[in-house]
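Offset between the sequence shown (1-based) and my numbering: plus 6. From the three backbone atoms N, C-alpha and C, an ideal C-beta is built for every residue, glycine too. Only one structure is covered here, and it is reproduced in the block below.
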Amino acid sequence: MRKLICLLFVTALLLAAPPAWAQKGAGQKGGGAGKRAVELSITSPSAVDAKCALARLLAEGEVTSPAMLSQVESFAARKGMFFPTAHLLTYYAEVPALVEALMNRPAPISQQLAAASLACAALGDYLEAEKRTTLNSVAPEEDDSGAIMTGPKKGAKKKRNTGGLTIPVALLTNKVAVTAELALLAAAYTGASGVKEQVDTLPASGGLVGAKLLYYARTGAPVTEGMVAAAFAPGGQAPVFIKTTGPELASFELLLPKEAYACEALGLLKDGKYLKQLHPMLGHPDLRVQMEAVRAIQKIASHELLPFLQAKLNTCEWPVLVDLCQALAALPAKESVPPLLARLKKETGRFRLDVTYALSAIAGEQIGQEHKEWEAWWSKKGAEFKVDEAASQAFRSKRRVQDIRVPDLGYFYSLRIYSDHFSYVVDSSNSMKGDKMDNLRSNLGSSIESLRPWVQFNIADFGGLVAVMNHDALTKDKWRGKTYTREMTHSQGTRIYDAIEAAGGVKGVDTLLLLTDGAPVHGQINPWRDLYRAMTIMNRYRPLIISTVAFQPTDRAVINLKQMANENHGQSVTTN
């Protein structure tokens, strides 16, 4: 009932004065009233609505005037909105022009936004390149409507220009330490060797000392043991440590503990003499530092620290576990089997996939789906077992974590559910009216009923509005879930990114099951290629699995949803 009352209230508001992101043609040239509505929406008390309005302005290219920049700065100054704003600015058609416009303004926040936008754009490029190497696949090219492109299209809208970013010296030498650190991160992720002289003069203090080491590692500049020691030395001002696996771990935050930058740098250097610095970082209070330490150890490819990785299996938080399993799979050793078996025995949900993947890589094949099958194998073969490096490499080259099979905990259409802490994210837009929605309600209700008793879940549904069943925690209440399913209502739009953000922001979730029949529209981030990029940055330290169901889709939707699943370690199915 409460949801119905809220919906009627919002509907009345929409009929009276639709928000900018829901208006057809709002913000376009010549649409003065619509543009004014968009501008006013940036000041909305709703952060999501304001971000949608800002995204619309950026998409229409109307943001570099002094009046618009003032609104952008005002929004960035809102609590928790600085880095989300910087991230949205990277989707502007001409990032260099936007950075220049911000730099020409006197307010310190303008300089910080300029540096943060550069850093976020550079980080996105860096992570996407790394992802392509890891996945051995490239995100499909598409036009601005979200359609896959098979070649250049006549009259296609100009793509966002972030290539060849220049790092202004004025930002690197800015007296505000935060601005300088953000500019230095931009230089590091861009690999801008041309500013080394200015970087050399920066003080080796606070976050700058770690960021400088990362810059030198990225650009191939000489690195000394003294530089490394300084980056890992205790003390110095640091951001708040993130010690739990909550939503704050998935963000566009760029300022990390200096040790996180330093660990990433050592992974790039791949020099075994620095392992002594990485070992203590496995126990660092910040999860991001722990993860970067594990990743660096894997890249250095030394078995020297394997005992410490194996020991950490028993106690680590799940984001660290995901990286640990990847490292133990890449560095196959017989000694890793017992601690992996012990961790597998404890797992009841998604992370059975990660642990089983590591065991299978060591064995050269998947022996079993359950702990007891692996235990039986180890009892019989363990004494004489020897790692076959070629078999391990062949397994890893052909199999992904999502290709592993373990007993499912339920189903959604033909999608197997492996997580016991997940959220359904389902399309309730106007295009789902009629038989489509009847089909969804029926299958979603059956899916909820199929879940094992210990499984905790949530539901987020989206159209032009985004609704979440539980905002604070997951639930095991199947009756409530089925009731919510029956009460879902339609609205105009397909805000896929906003729904993912809302569902992923609930404490405890580690997997999302996304169903849609179309392409993103009217949200903060709409073209598929931008949505991939956003998830790459957001999931950097909280690697949510995103599995997808393409519901009576177009061919374009099928390709994009498969890509979304592939890039986020999920499965993808199509249903008609």
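(request) Compute the Euclidean distance between the alpha carbons of Y363 and L520, then round it to the nearest angstrom. (result) Position 357 of the sequence shown, counted from the start, is the residue given in the question as residue 363. Position 514 of the sequence shown, counted from the start, is the residue given in the question as residue 520. Taking the straight line joining both Cα atoms gives about 24 angstroms.
(message) Once the 5 residues before and after K439 are set aside, which same chain residues still bring their CB inside 8 angstroms of it?
(response) Numbered from its first residue, the sequence shown carries residue 439 at position 433. Contacts found: H496.
(message) Contact between the segment 504-513 and the segment 60-69 is defined here as three or more beta-carbon pairs at a separation below 8 angstroms; is this criterion met?
(response) no
(message) Just verifying my parser: in three-state terms, what is the DSSP assignment at H427?
(response) Here residue 427 refers to the residue found at position 421 when the sequence shown is read from its first residue. Note: H427 maps to strand in three-state DSSP.
(message) Please state the DSSP three-state secondary structure of D444.
(response) Position 438 of the sequence shown, counted from the start, is the residue given in the question as residue 444. Of the three classes helix, strand and coil, the one that applies to D444 here is helix, per DSSP.
(message) Here's the rule: buried if 16 or more other CB atoms are within 10 angstroms of the residue's CB, otherwise exposed. What is D409?
(response) One-based indexing of the sequence shown puts residue 409 at position 403. Label assigned to D409: exposed.
(message) Quick check: the Cα distance between G152 and A210, rounded to an integer number of angstroms?
(response) Indexing the sequence shown from 1 puts residue 152 at position 146. Indexing the sequence shown from 1 puts residue 210 at position 204. Residue placement at G152 is poorly supported in this model, since its pLDDT is 39, which falls under 50; the coordinates are not used for a value here.
(request) List the residues that DSSP assigns as beta-bridge partners of S578. (result) Mapped onto the sequence shown, residue 578 falls at position 572. Answer is T554, bridged to S578.
(message) So within the segment 311-393, which uninterrupted alpha helix (DSSP H) runs reach at least 4 residues, ignoring any that extend past its ends?
(response) Look at the segment 311-393 and you find these whole runs of alpha helix (DSSP H), each 4 residues long or longer: 312-318, 324-336, 343-352, 357-369 and 377-387.
(request) Inspect the CB distances between the segment 247-265 and the segment 115-134 and report whether three or more fall short of 8 angstroms. (result) yes
(request) Could you tell me which residues DSSP pairs with F258 in its beta bridges? (result) For the purposes of this step, residue 258 is identified with residue 252 of the sequence shown, where counting begins at 1. None, per the DSSP bridge assignment.
(message) Can you tell me whether F238 is buried or exposed? The criterion is at least 16 other CB atoms within 10 Å of its CB, across all chains shown.
(response) Locating residue 238 in the sequence shown gives position 232, counting from the first residue. Buried, since its Cβ has 16 or more Cβ neighbours within 10 Å.
(message) Quick check: the Cα distance between A82 and L104, rounded to an integer number of angstroms?
(response) Reading the sequence shown from its first residue, position 76 is the one you call residue 82. Reading the sequence shown from its first residue, position 98 is the one you call residue 104. Distance between A82 and L104, taken at the CA atoms: about 15 angstroms.
(request) With a 10 Å radius around its C-beta and 16 neighbouring C-beta atoms as the bar for buried, classify E341 as buried or exposed. (result) Counting from 1 along the sequence shown, the entry for residue 341 is found at position 335. Answer is exposed; the Cβ neighbour count stays below 16.
(request) For the beta strand (DSSP E) containing T91, list its first residue and its last residue. (result) For the purposes of this step, residue 91 is taken as the residue at position 85 of the sequence shown. From DSSP, T91 is part of no beta strand (DSSP E) but of the alpha helix (DSSP H) over F88 to L95.
(request) Would you give the residue range spanned by the beta strand (DSSP E) that L457 belongs to? (result) Counting from 1 along the sequence shown, the entry for residue 457 is found at position 451. Note, L457: premise wrong, no beta strand (DSSP E); not H, not E.
(message) Using only the alpha-carbon positions, how far apart do T500 and A92 sit?
(response) On the sequence shown, position 494 is the one that residue 500 refers to. On the sequence shown, position 86 is the one that residue 92 refers to. Taking the straight line joining both Cα atoms gives about 23 angstroms.
(message) Using the three-state DSSP reduction, which class does D414 fall into: helix, strand or coil?
(response) Here residue 414 refers to the residue found at position 408 when the sequence shown is read from its first residue. Three-state DSSP puts D414 in coil, outside helix and strand.
(request) Go ahead and pull the three-state DSSP assignment for D292. (result) As a position in the sequence shown, residue 292 is number 286, starting the count at 1. Coil, per DSSP.
(request) Locate the alpha helix (DSSP H) running through N572, then write down its first and last residues. (result) Within the sequence shown, numbered from 1, the residue matching residue 572 stands at position 566. Counting along the chain, the alpha helix (DSSP H) containing N572 begins and ends at D561 to E573.
(request) Tell me whether V527 is buried or exposed, calling it buried when 16 or more other Cβ atoms sit within 10 Å of its Cβ. (result) As a working note, residue 527 is residue 521 in the sequence shown. Classification of V527: buried, given that the 10 Å Cβ count is 16 or more.
(message) On the CB-based measure, 16 or more other CB atoms within 10 Å of its CB, does W380 come out buried or exposed?
(response) Here residue 380 refers to the residue found at position 374 of the sequence shown. It counts as buried.
(message) With a threshold of 8 angstroms on Cβ separation, who are the neighbours of T581 within its own chain once the five nearest residues in sequence on each side are excluded?
(response) Taking the sequence shown and counting its residues from 1, the one referred to as residue 581 is at position 575. Closer than 8 angstroms at the Cβ level, and outside the excluded window around T581, lie Y419, S420, V555, A556, F557 and Q558.
(request) Determine the burial state of F247: buried for a count of at least 16 other Cβ atoms within 10 Å of its Cβ, exposed for fewer. (result) Taking the sequence shown and counting its residues from 1, one reaches residue 247 at position 241. Classification of F247: exposed, given that the 10 Å Cβ count is below 16.
(message) I'd like the list of long-range same chain contacts for G197, defined as Cβ closer than 8 angstroms, with 5 residues on each side in sequence excluded.
(response) What you label residue 197 is simply residue 191 of the sequence shown in a count that begins at 1. Closer than 8 angstroms at Cβ, skipping near neighbours: R224 and T225.
(request) Report the option in A73, R84, S71 and A189 whose CA atom is closest to the CA atom of K57. (result) Looking up residue 57 in the sequence shown gives position 51. Closest option to K57, Cα to Cα, is R84.
(request) List the whole-angstrom C-beta distance separating G469 from N436, where the pair is believed to meet the contact cut-off of C-beta under 8 angstroms. (result) The residue you call residue 469 lines up with position 463 of the sequence shown. The residue you call residue 436 lines up with position 430 of the sequence shown. Sure, about 6 angstroms apart at Cβ, within 8 angstroms.
(message) Check whether the segment 453-468 and the segment 395-406 are in contact - that is, three or more C-beta pairs closer than 8 angstroms.
(response) no
(request) Check whether the Cβ atoms of S429 and L327 sit closer than 8 angstroms, and answer yes or no. (result) For the purposes of this step, residue 429 is taken as the residue at position 423 of the sequence shown. For the purposes of this step, residue 327 is taken as the residue at position 321 of the sequence shown. Contact: no.
(request) Report yes if the CB atom of A333 is closer than 8 angstroms to the CB atom of Q304, and no otherwise. (result) Against the sequence shown, residue 333 aligns to sequence position 327. Against the sequence shown, residue 304 aligns to sequence position 298. Yes. Within cutoff.
(request) Check whether the Cβ atoms of Y132 and Y195 lie closer than 8 angstroms to each other. (result) Along the sequence shown, read from residue 1 onward, the residue named residue 132 stands at position 126. Along the sequence shown, read from residue 1 onward, the residue named residue 195 stands at position 189. In contact: Y132 and Y195 (Cβ atoms closer than 8 angstroms).
(message) Taking its Cβ as the centre, do 16 or more other Cβ atoms sit within 10 Å of E136, making it buried, or is it exposed?
(response) Position 130 of the sequence shown, counted from the first residue, corresponds to residue 136. Label assigned to E136: exposed.
(request) Spatial neighbours of G576 within its chain, please: CB distance less than 7 angstroms, with the 5 preceding and 5 following residues excluded, ordered by chain position. (result) Residue 576 sits at position 570 when you count from the first residue of the sequence shown. So the list reads Q408, I551, I552, S553 and T554, once near-sequence residues are dropped.
(request) Label K351 either buried or exposed according to how many other C-beta atoms from any shown protein chain fall within 10 Å of its C-beta, with 16 as the threshold for buried. (result) Numbered from its first residue, the sequence shown carries residue 351 at position 345. Label assigned to K351: exposed.
(request) Can you tell me which of the three DSSP states V515 falls into? (result) Translated into the one-based positions of the sequence shown, residue 515 becomes position 509. V515: coil per DSSP, three-state reduction.
(message) Short of 6 angstroms in beta carbon distance, which residues of its chain neighbour T491, apart from the five on each side in sequence? Order them along the chain.
(response) Locating residue 491 in the sequence shown gives position 485, counting from the first residue. Cβ within range, chain order: R447, L450 and G451.
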